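Asker:
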Amino acid sequence: MSASATEQPQATPPAAAPSTEDATPAKPELPPLTPAEFKVYNQMAEKMNYFHNHFRHQWTLLHTAASTGRRPQNMSLKQFLDTGLQFTRHLTAHHGIEEAHVFPMLARRMPEFRTGGRGGGAELLRQHKQIHDGMDKFEAYLRACRDRETELELGVLKEKMDSWGEVLWTHLDQEVETLGAENMRKYWTMEEVRRMPM
1 MSASATEQPQ ATPPAAAPST EDATPAKPEL PPLTPAEFKV YNQMAEKMNY
51 FHNHFRHQWT LLHTAASTGR RPQNMSLKQF LDTGLQFTRH LTAHHGIEEA
101 HVFPMLARRM PEFRTGGRGG GAELLRQHKQ IHDGMDKFEA YLRACRDRET
151 ELELGVLKEK MDSWGEVLWT HLDQEVETLG AENMRKYWTM EEVRRMPM
């Protein structure tokens, strides 16, 4: 071989693009659940939905009044304000229990419940913060009305509710879906789910 031939740059074949199939191994498809298995795996979703339906009912009562400009006929102003304040207390307690007891247990295997990271934690936890940012203003307004510092204006109440209503309803649905049987079975055995406190 001549010297000039060795000096010519050799063409290198292009590197094969990594296959997405090779990079992330496909998880085996799980067999269908029997009705009994579904019931076990879905128990946390059912219990959570029970609580969430209570919040949906209270929200709807308050928001309907705020949207129509009329309190329910069977409710005095004091009862209406107390219903709103009770809603905030119950939701705050519910989230406190989740964050102190339920989410840390689930976070051991489920990324949907983990704290920390660049984004400040999992989406469900970020939603809690967004809900409470809006709910704090809503609660302060109801307290001011109850304490007669200001008069209740249902249009103002609607604005305060609308600022966090969408994230609340998304959260109520998404949290139940995340706790549903098809997702829970990816991370836990049936016996583990049976032992979960809720």
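Using the UniProt record's numbering, the first residue of the sequence shown is number 1, and each one after it goes up by one. Just so you know, even glycine gets a beta-carbon here, dropped at the ideal spot from N, CA and C. Predicted, not measured: the structure shown is a model, and the values here were computed from it.
#1: Does the distance from the CB of Trp-164 to the CB of Ile-131 come in under 8 Å?
#2: How far does the alpha helix (DSSP H) with Pro-35 in it reach, from first residue to last?
#3: May I have a chain-ordered list of the beta strand (DSSP E) segments no shorter than 3 residues that lie completely inside the UniProt domain "Hemerythrin-like" (46-179)?
#4: Specify the secondary structure class of Arg-185 as computed by DSSP and reduced to three states.
#5: Indicate, with yes or no, if the ligand FMN has a heavy atom lying under 7 Å from the CB of Lys-78.
#6: What residue range is occupied by the uninterrupted alpha helix (DSSP H) comprising Met-196?
#7: Using the Cα positions of Ala-93 and His-101, report the straight-line distance between them to the nearest angstrom.
#8: With a CB to CB cut of under 7 Å and the five nearest residues on each side skipped, what residues in its chain are close to Leu-179?
#9: Considering only the alpha carbon of each residue, which of Phe-38, Trp-59, Gln-58, Phe-103 lies closest to Met-198?
#10: Can you tell me which of the three DSSP states Pro-32 falls into?
#11: Using only alpha-carbon positions, find the residue among Asp-133, Glu-149, His-171, Phe-80 that is nearest to Ala-65.
#12: I believe Leu-62 touches Gly-84 by the beta-carbon criterion, under 8 Å. Please report the beta-carbon distance rounded to the nearest angstrom.
#13: Give me, in chain order, the residues of the same chain whose beta-carbon lies closer than 8 Å to that of Ser-4; leave out the 5 immediate sequence neighbours on both sides.
#14: Measuring CA to CA, which of Met-110, Ala-144, Glu-139 is closest to Leu-125?
#15: Would you say Arg-185 and Tyr-41 are within 8 Å of each other, going by their C-beta atoms?
#16: Out of Asn-53, Glu-37, Glu-149, which one is the CA nearest neighbour of Val-193?
#17: To the nearest whole angstrom, what separates the beta carbons of Lys-158 and Lys-137, a pair I think is in contact under 8 Å?
#18: Just how far apart, CA to CA, sit Thr-150 and Glu-123?
#19: Taking the straight line between their C-alpha atoms, what separation do you get for Arg-148 and Arg-71?
Answerer: Per the coordinate set shown:
#1: Result yes, Cβ atoms of Trp-164 and Ile-131 sit closer than 8 Å.
#2: 35-41
#3: none
#4: coil
#5: Summarising the ligand content, the structure contains no ligands, and the ligand FMN is consequently not present.
#6: Met-196 -> no alpha helix (DSSP H), and no H or E assigned at all.
#7: 12 Å
#8: Met-44, Ala-45, Met-48
#9: Phe-103
#10: coil
#11: Phe-80
#12: 5 Å
#13: A caution first: Ser-4 carries a pLDDT of 41, below 50, which makes its placement in the model unreliable, though a value can still be read off. Excluding positions up to five away in sequence, the list is empty.
#14: When only C-alpha atoms are compared, the closest one is Met-110.
#15: yes
#16: Glu-37
#17: Lys-158 to Lys-137, Cβ: 13 Å. No contact.
#18: 36 Å
#19: Going from the Cα of Arg-148 to the Cα of Arg-71 covers about 18 Å.
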